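Student: Have a look at this one before I ask anything.
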Amino acid sequence: DFKPHNVVLQCQEFPGSHTAEALAAAFREMFRSWGIPTEKVHVILRDNAKNMTTAETDHGVKSSKATLLEAIQRRFGDICSQHLYAIATLLDPRYKDRYSPDALKQQLRVLLLGILATRSDSSPEQQEKRSEASGSEPPEKLPRAGTLQAMYEELLDGDVEHGAGSNDSSQYALQMNLYLSEPLLPRSGQPLAFWQDNKSRFPALAEAARAYLSAPCTSVDSERLFSTAANVVDEKRNRLTSKNAEMLIFINKNLPLMRMK
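Number 261 marks the last residue of the sequence shown (this note's numbering); no jumps.
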């Protein structure tokens, strides 16, 4: 299912300072209570609004342009080197690598191949295959996974062998090359709908896209949660315990999802 859903897992009282260490401990406890492995959490969003510095008021057009340009360069100057954003853009069929610098395109392809290989090695199917192989094959005869350098050389050569001799990395390279060679999806298109329709053609890429394109773009949902909490904990409910308040907020946010079923 490539349709994104928003679900509130937990809303709890947070006493003390909101330091990075305290927040990380709270997240780890939440993941533990819900049985969510940390390997499945590839990004945690936060709101930077309170840390922003208020700029001095200046009505000059030139000064405004300079301030805006400086802010853009400060926030997005090295965005191409941020792997999370770069891979998400590469897996977005509306953009792919068309707007990436030429010097970075090859690095992104190698990085994506490495991610696909890592995700495949950690999948339950591959672990089961390795377990079966270890029981039937001598340890010294088991094939070793291709290195990142080997995948890089294979991509540069552009000669991917077909047939029974093709390994997993060559299959990933085939999928990636075919995907990148196709026309871009229109700007009005839906990336997740594209991967839903093409998951049989690009199975490995579709699984990676499901992970990297699932993160919310803004903190709007978190801000709405604060509004819900304000409606639940009002003056007439000022004696609610934190535990009961958490349960009421949880029900308030997730009950519509249950009704959809």
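We treat Cβ as the ideally placed atom computed from N, Cα and C, and that holds for glycine. If you're wondering where the values come from, they're calculated on a predicted model, not measured in any experiment.
Round the Cβ separation of N252 and V7 to the nearest angstrom and send it over; I've been treating them as touching at under 8 Å.
Tutor: With 8 Å as the limit, N252 and V7 do not qualify as a contact, their Cβ atoms being about 13 Å apart.
Student: Could you give the distance in angstroms between the alpha-carbon of R28 and the alpha-carbon of L45?
Tutor: R28 and L45: Cα-Cα distance of roughly 15 Å.
Student: With hydrogens ignored, establish whether the beta-carbon of L116 is closer than 7 Å to any heavy atom of the ligand GDP.
Tutor: For the ligand GDP, the structure offers nothing, since it holds no ligand at all.
Student: Does the Cβ of V220 have 16 or more other Cβ atoms within 10 Å, making it buried, or fewer, making it exposed?
Tutor: Exposed is the call here.
Student: What are the boundary residues of the alpha helix (DSSP H) that Q196 is part of?
Tutor: Looking at the DSSP string, the run of the alpha helix (DSSP H) that includes Q196 is 191 to 198.
Student: Can you name, in chain order, every residue of its own chain whose Cβ lies under 6 Å from the Cβ of E140, other than the five neighbours on each side?
Tutor: Only weak support is given to the placement of E140: the predicted model assigns it a pLDDT of 49, under 50, and the question is left unresolved by the model.
Student: For T89, which residues in the same chain have their Cβ closer than 6 Å to its Cβ, ignoring the five residues on either side in sequence?
Tutor: Y95.
Student: Just to confirm, is the Cβ distance from L104 to L205 under 8 Å?
Tutor: Against a cut-off of 8 Å, the Cβ pair of L205 and L104 comes out as no contact.
Student: What do you get for C217, buried or exposed, if any count of 16 or more other CB atoms within 10 angstroms of its CB means buried?
Tutor: With fewer than 16 Cβ atoms within 10 Å of its Cβ, C217 is classed as exposed.
Student: Starting from F14, follow the alpha helix (DSSP H) in both directions and report where the run begins and ends.
Tutor: Segment: none, F14 is in no alpha helix (DSSP H) and carries neither H nor E.
Student: If we ignore side chains and look at the alpha-carbon of each, how far apart do L116 and F31 end up?
Tutor: Each residue's Cα considered, the two are about 25 Å apart.
Student: Can you find the residues in the same chain that come closer than 6 Å, C-beta to C-beta, to C263, ignoring five residues on each side of it along the sequence?
Tutor: Any answer about residue 263 is impossible in this case: the structure gives the chain only from 1 up to 261.
Student: Using CA atoms only, rank isn't needed, just tell me which of L213, L69, L113 is closest to S170.
Tutor: Nearest option by C-alpha distance: L113.
Student: Tell me whether Q82 sits in a helix, a strand or coil according to DSSP, three-state version.
Tutor: Here Q82 sits in coil by DSSP.
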